[in-house]
Amino acid sequence: MCYVYCALQSPLMTLAGHTQPVRTAVWPHEGELFTAGYDHCIRVWDLEARTTTGTLQGSKVFLDISYTDRNRLIASGSTDGHVRLWDTRQEGSAVVQLTFHPHKGWVSAVEWSPCHEHQLASCSYDHTIRIWDTRSARVPLHSLNTHTDKVLCLDWKIDNVLASGSADNTLRTYTLTTA
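Each residue of the sequence shown is one higher than the last, beginning at 10 in my numbering.
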């Protein structure tokens, strides 16, 4: 049996703090929310208190963030073509732990592997997808160059299966191997 529920016409809460549009939001835990956007900030929200508990200051617009609870890192993709890892275990403000220089265009999406704690995927307006081992930022584990236009989104919720969507009007899926 399936139930359909009507959405409320008014929000449960409104959080104010960003100074420009919010581009992405991630729920790391119940009662906590990470948001990022055009104001070059990642904000950490305490939903019970309805306040910001931390602000991570970047240098460019954030297009996407992804969080992994396994090592408490936020991955961010920005308009400068970089992927950055922010360490939330630090006291006070989290710090940039690592910067990848993988792309020649905006990094439109980032996604942690569902089964490998050190693997991260990024996609870009440069038509590529990169799979990274976060222990070494020099070269990607895999570079996928199958799209003919900007790669706008990706999802990696199933072990070794990655999905990507592009401005070339295609959705592609990939089976990733370790060999």
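Don't be surprised by glycine CBs; every beta carbon is placed ideally from N, CA and C. Remember, it's a predicted structure, so these values are computed and weren't measured experimentally.
Beyond the five residues adjoining it in sequence on each side, L107 comes within less than 8 Å, by CB distance, of R93, L94, T143, A146 in the same chain, given in chain order. Around the beta carbon of S19, fewer than 16 other beta carbons lie within 10 angstroms, which makes this residue exposed. Across the structure, W165 and I138 are spaced so that their CA atoms are roughly 12 Å apart.
Here H151 is bridged, per DSSP, to I140. Between the alpha carbons of Y183 and L171 lies a distance of about 5 Å. Cβ atoms of I167 and H151 stay farther apart than 8 Å, at about 16 Å. The criterion of a C-beta distance shorter than 9 Å is satisfied by L163 and E120. In this structure, I74 is the residue among R81, I74, R79 with its C-alpha nearest to the C-alpha of T88.
For P37, the enclosing beta strand (DSSP E) starts and ends at 31-38. For V53, the enclosing beta strand (DSSP E) covers residues 50-55.
Unbroken beta strand (DSSP E) runs of no fewer than 3 residues, entirely contained in the stretch 75-99, are found at 82-87, 92-96, following chain order.
In this model, N154 and T33 are separated by some 25 Å (Cα to Cα). Spanning the alpha carbons of R81 and W36 requires a straight line of approximately 13 Å.
A distance below 7 Å between beta-carbons, with the five flanking residues on each side excluded, links Q29 to the following residues of its chain, in chain order: G46, Y47, D48.
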